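Participant:
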Amino acid sequence: MARSTLEQRRAVFAATADRRQERVALAAANAASAPVALYGGNYVLAQACSTYGQIALRYRDPAGNMVQLLTKGGVDVGGGTSLQFAAGTVVDVVLTGTAGANVTLSRVPNA
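Using the UniProt record's numbering, read the sequence shown as starting at 1 and increasing by one per residue.
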């Protein structure tokens with residue numbers, strides 16, 4: 001018996017959907033981690049600090065330089081900042097004038 005078009009599409013989606021989850025701690029207890037390579041896709045950047053200064057998210061460009069992508073200087077409203085990265089993008093953070101900073105980058109898996 002032939003499968004319906006809807007069943008075929010569901011099977012293709014189930015076989016190709018990217019459900020990998022990834023949560024990277026870019027800083028913990030006011031100490032920045034080493035640069036990390038990402039799976040790629042949609043991410044949410046969230047931070048919490050006891051004292052805010054400046055949190056700079058950087059990525060590595062093709063020439064190997066770390067380039068500042070964005071800065072944060074306060075509490076996120078609404079749960080974080082949505083970002084999109086290509087597979088293999090290398091990121092890190094630089095903390096300036098912060099205390100008790102924790103910064104995470106969480107991948108939003110495809111349904």
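Don't be surprised by glycine CBs; every beta carbon is placed ideally from N, CA and C.
Predicted, not measured: the structure shown is a model, and the values here were computed from it.
Does DSSP put Thr-81 in a helix, a strand or coil?
Facilitator: strand
Participant: Across the region 94 to 103 and the region 37 to 52, are there enough close Cβ pairs to call them in contact, namely three or more that are closer than 8 Å?
Facilitator: yes
Participant: So, Thr-81 versus Leu-45, is the Cβ gap smaller than 8 Å?
Facilitator: yes
Participant: From the DSSP output, which residues share a beta bridge with Asp-92?
Facilitator: Arg-58
Participant: Indicate the three-state DSSP secondary structure (helix, strand or coil) for Ala-11 in the structure shown.
Facilitator: If DSSP states are grouped into helix, strand and coil, Ala-11 belongs with the helices.
Participant: Would you tell me roughly how many angstroms separate the C-alpha atoms of Gly-74 and Ile-55, rounded to the nearest one?
Facilitator: 9 Å
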